[in-house]
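Numbering of the sequence shown is given in my numbering, commencing with residue 423 and proceeding in unit increments. Don't be surprised by glycine CBs; every beta carbon is placed ideally from N, CA and C. Since the model is a prediction, treat every value here as computed from it, not as a measurement. Read through the structure below, which is laid out as structure tokens, and then see the notes.
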Amino acid sequence: MGTLVINGWHSFLVKDWLQKKNIPYLIITPKFETTLKDHWRYRRAVYGEKTRFEKDFERRGCNRPK
Numbered sequence: 423m424g425t426l427v428i429n430g431w432h433s434f435l436v437k438d439w440l441q442k443k444n445i446p447y448l449i450i451t452p453k454f455e456t457t458l459k460d461h462w463r464y465r466r467a468v469y470g471e472k473t474r475f476e477k478d479f480e481r482r483g484c485n486r487p488k
């Protein structure tokens with residue numbers, strides 16, 4: 423079996439699983455750590471930050487933009 427190439431944002435979830443199974447892998451994402459930390463899903467999960475849409479929604483009340 424060759425090296426598994428992971429491309430994209432989800433790779434940090436897969437990485438731990440692959441390390442446990444001892445499967446060789448290669449992550450091809452430029453500046454992976456910074457792109458992960460800048461990603462809104464990561465910031466929301468780790469720091470509890472709200473997204474731009476959630477902030478807009480709270481500011482407007484319950485009215486969705488037309």
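Identify the continuous alpha helix (DSSP H) that holds residue i and give its terminal residues.
{"i": "E480", "result": "R474 to R482"}
Quick one: Cα of residue i to Cα of residue j, how far?
{"i": "G370", "j": "R465", "result": "Nothing in the structure corresponds to residue 370, since the chain is present only between 423 and 488."}
{"i": "T473", "j": "R481", "result": "12 Å"}
{"i": "E476", "j": "Y469", "result": "15 Å"}
{"i": "F479", "j": "E471", "result": "14 Å"}
{"i": "K442", "j": "A467", "result": "23 Å"}
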